[in-house]
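Engineer: Here it is: the structure, laid out below.
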Amino acid sequence: FVIQDGGNVGIGTTSPGGGSSAPLHIYKAATTGAAPIALLNLELSNEGNTNTDVGEGPAINFYVSDDTPSSTGAYVGADESHLAGQIATVHTSTDLNNGSGAMRFSTALNDAALVEAMRIDENGKVGIGIAAPLAALDIAHAGSGTAALRVFNSLATNPYGILVDNTAADASDSNYVANFRVGGASKLIVNNTGNVGIGVADPDALLEIKQVTGTNNAFCLHLVNEDASDPEGMSIDFSAALRSDDHTAHL
1381 FVIQDGGNVG IGTTSPGGGS SAPLHIYKAA TTGAAPIALL NLELSNEGNT
1431 NTDVGEGPAI NFYVSDDTPS STGAYVGADE SHLAGQIATV HTSTDLNNGS
1481 GAMRFSTALN DAALVEAMRI DENGKVGIGI AAPLAALDIA HAGSGTAALR
1531 VFNSLATNPY GILVDNTAAD ASDSNYVANF RVGGASKLIV NNTGNVGIGV
1581 ADPDALLEIK QVTGTNNAFC LHLVNEDASD PEGMSIDFSA ALRSDDHTAH
1631 L
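Numbered as in this note's numbering, the sequence shown ends at 1631 without a single skipped number.
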């Protein structure tokens, strides 16, 4: 343990900072093990059998400089700064004998109060914008003019998009690969057979489109070709079929 003239503190090292200006440097030699090694413990003790409420737990606060000392979260010191972020592990049960905890990540806009931005619950589910995620990744978004999820690949050559892989599923499974809903109702679904349904939840063909009852003056399928030089219409190709095949194209 060492405290340098400039105030930097070293634990396990006599040269805190390691080439940087970090005020606190904790050092421990690596081992040949395969598990994480704790270098810092934050403990909130239950001495006196205190019934810790949901949401309480150890936290690390992050302050940024701000010259508005009257704002929310102001830190009174030699230099004004404001609470801008927090990482915490919070209790998720009121049971005195239940030590379940969730990781909570919070941020603050300008100098406003902290708002939870992301959580990893006691079951490992990740919630962004939601404190009680219902899936492995649950994103809740109430903003206007922005997407809830954006996947962007800037690779110029042969880029990939999104891969959804139901590895253990087969065609007999009744669940789906993807389900797109509006107002809680399915609008487009891809089931585990690979069939695509638009307006139908259990498509029986590679592509099945169903018009919603009561929708007036709306096409079930609308194909438009705006090629002015040599426009084509629609092609239905049974080139692999034989004349002896007992199949009919129904229009």
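C-beta atoms are modelled at their ideal positions from N, C-alpha and C, and glycine is treated no differently. None of these values were measured; they are calculated from a predicted model.
(1) For the segment 1489-1522, which segments carrying the beta strand (DSSP E) assignment without a break, of at least 3 residues, lie completely within its bounds, in sequence order?
(2) Quick check on the DSSP output: the beta strand (DSSP E) that includes N1538 runs from which residue to which?
(3) From T1412 to S1524, what distance separates their C-alpha atoms?
(4) Drop a sphere of 10 angstroms on the beta-carbon of T1394, count the other beta-carbons inside from all chains shown, and report buried for 16 or more, exposed for fewer.
(5) With a CB to CB cut of under 6 Å and the five nearest residues on each side skipped, what residues in its chain are close to T1432?
(6) Tell me, please, whether the segment 1503-1514 touches the segment 1463-1470 by the rule of three or more beta-carbon pairs shorter than 8 Å.
(7) Excluding five sequence neighbours on each side, which residues of the same chain lie with their C-beta closer than 6 Å to the C-beta of I1510?
(8) Rounding to the nearest angstrom, what Cα-Cα distance links L1587 and K1567 in this structure?
(9) Put M1614 into one of helix, strand or coil per three-state DSSP.
(10) Using a beta-carbon distance below 8 Å, is I1391 in contact with chain D?
(11) Can G1577 and I1569 be called in contact, C-beta distance under 8 Å?
(12) Report yes if the CB atom of L1601 is closer than 8 Å to the CB atom of I1589, and no otherwise.
Structural biologist: Judging by the given coordinates:
(1) 1495-1500, 1506-1508 and 1517-1519
(2) Run containing N1538: none; DSSP gives neither H nor E here.
(3) 50 Å
(4) exposed
(5) H1471
(6) no
(7) D1518 and A1520
(8) 13 Å
(9) coil
(10) Judged by its chain identifiers, the structure shown contains no chain D, having just a single protein chain.
(11) yes
(12) yes
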